[in-house]
């Protein structure tokens, strides 16, 4: 009788701990936010786990501004100017993957989670030279609010307020 109870408990624990077949390796990213683009921007963070994962945000010059205008939140879309994507790759990534005019075919994308809802906030702040007056660049603070990612029938919700990080660009032209 005791063996049956023990076996039943083991089976219950085994089936109750299902992760939904999620293929997310670590979801831990380097602090650095990399950026490519001049009018349409690709921001990306690589995973600390062999750089085989990337969390990607795309924005336009309406959000990555080189002035201190009012912060304009935008809604995440599946396709378009304002996207959030999590990708899992079969091999290590390099900057060339994101910054090339035509992305390379390798490494191969294993999973492509697309943002279906949520909001992206960007706050732009000037970086000053030691004189305190000359702007030498810009910091762009990016925060994701209530972002939901989907692939097939699986759904992944980021923290309610996910601090994506800070990207930097040069001075206004």
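In my numbering, the protein residues as written are 19 to 191.
Where a beta carbon is used, it is the ideal one built from N, C-alpha and C, also for glycine.
Residue i to residue j span [Cα, whole Å]
i: residue 107; j: residue 66; result: 13 Å
i: residue 165; j: residue 68; result: 25 Å
i: residue 187; j: residue 155; result: 6 Å
i: residue 128; j: residue 48; result: 20 Å
i: residue 147; j: residue 110; result: 36 Å
i: residue 161; j: residue 53; result: 15 Å
i: residue 113; j: residue 64; result: 10 Å
i: residue 117; j: residue 149; result: 33 Å
i: residue 46; j: residue 135; result: 22 Å
Residues bridged to residue i (per DSSP)
i: residue 116; result: The partner list for residue 116 (beta bridge, DSSP) is empty, contrary to what the question assumes.
i: residue 175; result: 166
i: residue 106; result: 71 and 129
i: residue 92; result: 138
i: residue 84; result: DSSP, once it has assigned bridges, lists no residue as partnering residue 84.
i: residue 160; result: 140 and 183
i: residue 61; result: 53 and 75
i: residue 101; result: 76
i: residue 155; result: 145
Neighbourhood of residue i by C-beta, 6 Å cutoff - its chain only, sequence neighbours within 5 removed
i: residue 158; result: 82, 140, 142 and 185
i: residue 167; result: 104, 131, 133 and 174
i: residue 180; result: 162
i: residue 190; result: 84
For residue j and residue i, believed in contact at Cβ under 8 Å, the rounded distance
i: residue 96; j: residue 182; result: That belief does not hold up - the Cβ atoms of residue 96 and residue 182 are roughly 18 Å apart, past 8 Å.
i: residue 192; j: residue 75; result: Because the chain is modelled from 19 through 191, residue 192 falls outside the range shown and cannot be assessed.
i: residue 73; j: residue 59; result: About 14 Å; that fails the 8 Å criterion.
i: residue 130; j: residue 169; result: 6 Å
i: residue 71; j: residue 144; result: In fact, because the Cβ distance is near 32 Å, the residues do not count as touching under 8 Å.
Closer than 8 Å to chain C by CB, residue i
i: residue 54; result: Among the protein chains of the structure shown there is no chain C, as only one such chain exists.
Same chain only: Cβ atoms within 7 Å of residue i, ignoring 5 sequence neighbours per side
i: residue 115; result: 121 and 122
i: residue 89; result: 139, 140 and 141
Neighbourhood of residue i by C-beta distance below 8 Å, restricted to the same chain and skipping five residues each side
i: residue 57; result: 78 and 79
i: residue 178; result: 163 and 164
i: residue 152; result: 146
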